[in-house]
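Chemist:
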Amino acid sequence: MQNEPRIWLLIGDKPGDNAQVKKVADTLALPCDTRQVFPKPQYVLGKPKYRVSLSHLDMERSATLAAPWPDLIITIGRRPSMAALWVKQQNPATKIVLLGRPRRWIEKFDLVITLPQYQVPQLPNVLRLSLPIMRSDPQAVAAASASWKSRLDSLPKPLTAVLVGGATRPFRFDAEVTRKLVEQCRALQAQDGGTLYFSTSRRTAPEITATLKAQLPQGAQLYTWQQDDGDNPYLALLGLADRCIVTGDSISMLVEVADQRKPLAIFALPQGLQGRLWQGIMRRLHAAPAPGLANRLLRALGRVLYSTGIAGFTRDLTQVHSTLIENGLAVYLGTPFTQPASTLPDELAQIRQRIMALLPLS
3 MQNEPRIWLL
13 IGDKPGDNAQ
23 VKKVADTLAL
33 PCDTRQVFPK
43 PQYVLGKPKY
53 RVSLSHLDME
63 RSATLAAPWP
73 DLIITIGRRP
83 SMAALWVKQQ
93 NPATKIVLLG
103 RPRRWIEKFD
113 LVITLPQYQV
123 PQLPNVLRLS
133 LPIMRSDPQA
143 VAAASASWKS
153 RLDSLPKPLT
163 AVLVGGATRP
173 FRFDAEVTRK
183 LVEQCRALQA
193 QDGGTLYFST
203 SRRTAPEITA
213 TLKAQLPQGA
223 QLYTWQQDDG
233 DNPYLALLGL
243 ADRCIVTGDS
253 ISMLVEVADQ
263 RKPLAIFALP
273 QGLQGRLWQG
283 IMRRLHAAPA
293 PGLANRLLRA
303 LGRVLYSTGI
313 AGFTRDLTQV
323 HSTLIENGLA
333 VYLGTPFTQP
343 ASTLPDELAQ
353 IRQRIMALLP
363 LS
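For what it's worth, the numbering used here labels the leading residue of the sequence shown as 3, then goes sequentially.
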C-alpha cells in the first residue's frame, strides 16, 4: 500500500499557466511528478477540437503518460486537460483538478477551480475564487528594483507606470483606443507632473506599439517588449513606480500591481460589436435558472451547445475589475488614485482543503 498519493502536474507550453499549477501544488506539501506535454506545431496557435485524446500532442517531445497511473492530476488549459481526460479514461479512479474553465464536460472533472471572470455555473465540483492566485515574486521584484533603481530614481516624480496588454475578446484594442489611453495619460501628467513610463507586453500588437511611439507624451519613456529580454523594466516598475495604470485586458498585471499595494488605475477598454453580441448570447445561454419557458429553453440549448463543444462558458473580465474596485484595490482611470485599503485575499488554504478531500487515505 502506498504511503503517499501519486500526483501528476500535467502542464503545457505556457509558462503563466504552468506557474499557476505549481502554485496550487505547493500548497499541498506533497511530492508531485511534473508531466509536461507539448502540442504538435499546428496546435501551438491553432486550437484542437476539444476531446478525450492525445492526438494533438507531440509525444516525442512530451512526457510519457503511462501506468502506474496517478491518483490525482492537477492541470490547466485546453491542450493539457484533454490529455488529463485521456488518462482518466485509462484509469477511471484518477481524480482531475482543473484550473480555469472546462471547454466541455464539466462533470468529468472532480474539481474545477475557477475565477470570477469565467461564467461557470455554481456546482458541487466548482470552487470559485474571488481573484487569481498568482502573485509577483518578491525576490524577483526586489532584484529588478535594485538593478533599475538609479535609472528610475533620476526621472521626475511621481513615476507612473503604464502597463499595456493587448486585444482579447470581447475588448477592442487598436490605434484609436491607444490614442485615447495616451490622451488620458497626458492629461494626468499635465495635472500631476512626473514621468509616464509605458511598458508593453507579449500580447501588445505592433499597431499599438507604433501608435504609442508616435503619440508619446513629452518626457515619457517607452519600453517595447522583446522575447527573453533580460532588461525588461516590468518587475522594477512593480517595485519602484509610485502608481500604475494597467489596461483592462491584463488580469495578471492588474493582480500583480494590486499585490504590491500600489495605487492602481484600470484603463477600461471598449467592447467591439462582435464581442458584445457573443458575450450577450453566452450569458443568456448559461444564465442562472429563472422562471419562464423562454429561459428554460435557452438554458437547455446552452447545455446542448456546451456538451457538444460548440459554445463554452464565456468570460467577463470586468468582473475582476469590479472585485478590485469594490475591495478598494483599484479605481478606473480618470478617478483620483487612492492608496489600496486592503490586501489581496489569500484563498490557498481553501484550495488545499478541497484538493486534499479528493486524495485517497494512506
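Backbone N, C-alpha and C fix where the C-beta goes; we use that ideal spot for every residue, glycine too.
Inspect the CB distances between the region 131–139 and the region 166–185 and report whether three or more fall short of 8 Å.
Modeler: Touching, no.
Chemist: Closest to A192 by C-alpha separation, out of A69, P158, D176, F40, would be which residue?
Modeler: With distances taken between Cα atoms, A192 lies closest to P158.
Chemist: Can you find the residues in the same chain that come closer than 7 Å, C-beta to C-beta, to R49, ignoring five residues on each side of it along the sequence?
Modeler: What sits at residue 49 in the sequence shown is Lys, not Arg. These residues qualify, in order along the chain: R80.
Chemist: Under 8 Å: do the region 257–266 and the region 173–190 share three or more Cβ pairs, one atom per stretch?
Modeler: With the cut-off at 8 Å, the region 257–266 and the region 173–190 do not touch.
Chemist: Distance check for L125 and L12, CA to CA, integer angstroms please.
Modeler: Using only the alpha carbons, I get a separation of about 24 Å.
Chemist: Can you tell me the Cβ-Cβ gap for P118 and T325, rounded? I've got them flagged as a contact below 8 Å.
Modeler: Indeed, because the Cβ distance is near 6 Å, the residues count as touching under 8 Å.
Chemist: Where does M358 land, buried or exposed, given buried means 16+ other C-beta within 10 angstroms?
Modeler: The residue in question, M358, is exposed, as its Cβ has fewer than 16 Cβ neighbours within 10 Å.
Chemist: Whole angstroms is fine: what's the gap from L154's alpha carbon to I108's?
Modeler: Taking the straight line from one Cα to the other gives about 48 Å.
Chemist: How about L331 and S344: are their beta carbons less than 8 Å apart?
Modeler: For L331 and S344, yes; Cβs fall inside 8 Å.
Chemist: From Y52, K90, T77, L59, pick the residue whose C-alpha is nearest to that of A69; which is it?
Modeler: That would be K90, whose Cα lies nearest to the Cα of A69.
Chemist: Per DSSP, L335 is paired with what?
Modeler: Per DSSP, T337.
Chemist: DSSP on A222, reduced to helix/strand/coil?
Modeler: Three-state DSSP puts A222 in coil, outside helix and strand.
Chemist: How about G241 and F269: are their beta carbons less than 8 Å apart?
Modeler: In this structure, F269 does not lie closer than 8 Å to G241 by Cβ.
Chemist: So within the region 20–52, which uninterrupted alpha helix (DSSP H) runs reach at least 4 residues, ignoring any that extend past its ends?
Modeler: Complete alpha helix (DSSP H) runs here, min 4: 44–47.
Chemist: So Y199 and T162 are in contact, right, with Cβ under 8 Å, and what is the actual spacing, rounded?
Modeler: Contact holds; Cβ gap of about 7 Å.
Chemist: Nearest to I115 by CA position, among L47, D176, A27, is which residue?
Modeler: Selected option, being the one with the closest Cα: A27.
Chemist: Let me know the secondary structure DSSP gives L154 once reduced to three states.
Modeler: Helix at L154.
Chemist: Let me make sure I understand the geometry here. Which of D194, V164, R204 has the alpha-carbon closest to that of A243?
Modeler: Cα-wise, what sits closest to A243 is V164.
Chemist: Can you give me the Cβ contacts of H323 inside the same chain, cut-off strictly under 8 Å, excluding the 5 residues immediately before and after it?
Modeler: These residues qualify, in order along the chain: G250, L256, I268, A270, A332, Y334.
Chemist: Tell me, which residues are paired with Q262 by DSSP?
Modeler: Note: Q262 sits in no beta bridge, so no partner.
Chemist: If P41 sits next to L59, beta carbons under 8 Å apart, how far is it from one beta carbon to the other, in whole angstroms?
Modeler: The pair is a contact, with the Cβ atoms about 6 Å apart (cut-off 8 Å).
Chemist: With Y199 as the anchor, note down where its beta strand (DSSP E) starts and where it stops.
Modeler: Its beta strand (DSSP E) spans residues 197–201.
Chemist: Report buried or exposed for E62, applying the criterion of at least 16 other Cβ atoms within 10 angstroms of its Cβ.
Modeler: E62 should be labelled exposed.
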